[in-house]
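Numbering (our numbering), first residue to last: 12 to 71.
For glycine and all other residues, C-beta sits at the position ideal for the given N, C-alpha and C.
Note that the coordinates shown come from a computational prediction; the quantities given were computed from them, not determined experimentally.
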Amino acid sequence: EDHVVGPSFVDRMQVAFPNHRGPFHVPGAGHFLQWERPRILESALVMMAADLLTTRGTPR
Numbered sequence: 012e013d014h015v016v017g018p019s020f021v022d023r024m025q026v027a028f029p030n031h032r033g034p035f036h037v038p039g040a041g042h043f044l045q046w047e048r049p050r051i052l053e054s055a056l057v058m059m060a061a062d063l064l065t066t067r068g069t070p071r
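Written as structure tokens, this is what we have:
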């Protein structure tokens, strides 16, 4: 159980950001994913960027 981000966090973020990607959950990782699981984060960011470029096109 996360004492910083409560159980309603995901639902609230879906309302606040309707075009969101995720949620992205990495078991065993905390709030500093970039330190704890940098390769997983890097892979996820690359996939998300590729997805955005595919769905929205290359920016000009």
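| query | result |
| --- | --- |
| Three-state secondary structure assigned by DSSP to Asp62 | helix |
| C-beta atoms of Val21 and Pro34 nearer than 9 angstroms | yes |
| Same chain only: Cβ atoms within 8 angstroms of Val15, ignoring 5 sequence neighbours per side | His42 |
| Inter-residue CB distance, Arg48 and Ala40 (contact presumed, cutoff 8 angstroms) | 5 angstroms |
| Own chain, CB closer than 7 angstroms to Ile51, minus 5 neighbours either side, in chain order | Val37 |
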